[in-house]
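This report refers to the structure that appears directly beneath it.
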Amino acid sequence: GESVGLHLPTLSVQEGDNSIINCAYSNSASDYFIWYKQESGKGPQFIIDIRSNMDKRQGQRVTVLLNKTVKHLSLQIAATQPGDSAVYFCAEGGTGANNLFFGTGTRLTVIP
Amino acid sequence: ETGVTQSPTHLIKTRGQQVTLRCSSQSGHNTVSWYQQALGQGPQFIFQYYREEENGRGNFPPRFSGLQFPNYSSELNVNALELDDSALYLCASSLAGGGSGNTIYFGEGSWLTVV
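What follows is the structure, encoded as structure tokens:
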């Protein structure tokens with residue numbers, strides 16, 4: 001079955017540094033990947049998504065990279081700020097799929 | 001703000017009771033999905049509703065049921081509550097099933113504690 005896993009459960013970075021959060025997926029049929037940010041006591045907040053026909057997509061201070069060869073997804077956050085502290089989830093879905101599969105998340109802590 | 005609203009935000013129920021959670025989707029979104037998020041875990045898909053019909057279901061027993069109304073709002077009902085049902089229940093709305101480019105937006109969730 002599908003699995004979405006994360007390499008590291010926790011990540012601590014200094015304010016102003018860049019952060020990289022990694023994610024592995026196992027379903028080669030997945031064609032849509034999303035990163036969500038979840039702050040304590042809140043619902044997941046959409047950050048950025050990417051389709052399988054792309055290998056890179058940039059947003060405001062964030063970049064998602066997709067490597068289909070090794071089934072790896074990463075989220076890069078530039079100039080990390082204290083407000084970026086949260087749990088980050090990657091999720092995968094397929095064409096016409098009704099649901100997203102989530103990993104267990106990575107907790108990012110930004111040190112002032 | 002995603003425009004997805006859920007109620008109630010917190011509730012406590014006794015084992016064996018029934019609970020109804022409610023969700024209003026983002027304006028223009030015709031698809032509502034429900035997810036269960038246990039503490040320290042990622043969300044798990046319960047089911048999805050599209051045009052008032054169930055349109056996909058995850059690995060949850062039949063005592064988890066739902067409804068979608070003509071205005072696209074939705075309810076999640078859980079019967080015969082068990083202690084393991086304690087979790088954050090998330091509603092997500094999207095256009096036409098989500099995925100492959102149709103962004104899926106989540107509400108803030110309903111925290112259910114079963115005692």
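Protein chains in written order, with this note's numbering: chain A, 1 to 112; chain B, 1 to 115. We put the beta carbon where it would ideally sit given N, CA and C, even for glycine.
Looking at the C-beta of residue i, does it have a partner C-beta in chain C at a distance below 8 Å?
i	result
Q48(B)	The structure shown contains no chain C; the protein chains it does contain are A and B.
To which residues of the same chain is residue i closer than 6 Å at the C-beta, ignoring the five residues directly before and after it?
i	result
S30(A)	E92, G94
S33(B)	Q48, A92
S52(A)	D31
T63(A)	Q76
G1(A)	Note that G1(A) has pLDDT 35, beneath the 50 cutoff, so the model's placement of it is unreliable and no number is given.
S65(B)	N77
G10(B)	Looking at the sequence provided, one finds His at residue 10(B) rather than Gly. Once the five neighbours on either side are set aside, the close Cβ partners of H10(B) are W111.
Are the C-beta atoms of residue i and some chain A residue less than 8 Å apart?
i	result
T39(B)	The displayed chain sequence assigns Leu, not Thr, to residue 39(B). Closer than 8 Å: no.
F45(B)	yes
E108(B)	yes
T113(B)	no
G42(B)	yes
L95(B)	no
L90(B)	yes
Do we get a CB-CB distance below 8 Å when we pair residue i with the residues of chain B?
i	result
F102(A)	yes
V13(A)	no
N98(A)	yes
G16(A)	no
If you drop the 5 nearest sequence neighbours on each side, which residues of the same chain put their C-beta closer than 7 Å to that of residue i?
i	result
D85(B)	V78, L112, V114
N30(B)	Y50, R51, Y72, L95, A96
Please return the same chain residues whose Cβ sits closer than 8 Å to the Cβ of residue i, not counting the five positions on each side in sequence.
i	result
I111(A)	S12, V13, Q14, E15
Where the stretch 48-59 of chain A meets chain B: residues whose CB sits under 8 Å from a CB there: D49, R51
Proximal residues, the stretch 5-36 of chain B versus chain A, C-beta separation under 7 Å: S33
Chain-ordered residues of the stretch 51-71 of chain B with a beta carbon less than 7 Å from chain A: N55, G56, G58
Touch test, the stretch 63-83 of chain A against the stretch 11-20 of chain B, Cβ-Cβ under 8 Å, three pairs minimum: no
Within the stretch 43-105 of chain A, ranges of the beta strand (DSSP E) (whole runs, at least 3 residues): 45-51, 56-58, 62-67, 72-77, 86-93
Chain-ordered residues of the stretch 27-45 of chain A with a beta carbon less than 9 Å from chain B: D31, Y32, I34, Y36, Q38, G41, K42, G43, P44, Q45
Chain-ordered residues of the stretch 82-95 of chain A with a beta carbon less than 8 Å from chain B: F89, A91, G93, G94, T95
Three CB pairs or more closer than 8 Å across the stretch 57-66 of chain B and the stretch 100-110 of chain A: no
Runs of beta strand (DSSP E) lying entirely within the stretch 54-82 of chain B, each at least 3 residues, in chain order: 64-68, 74-78
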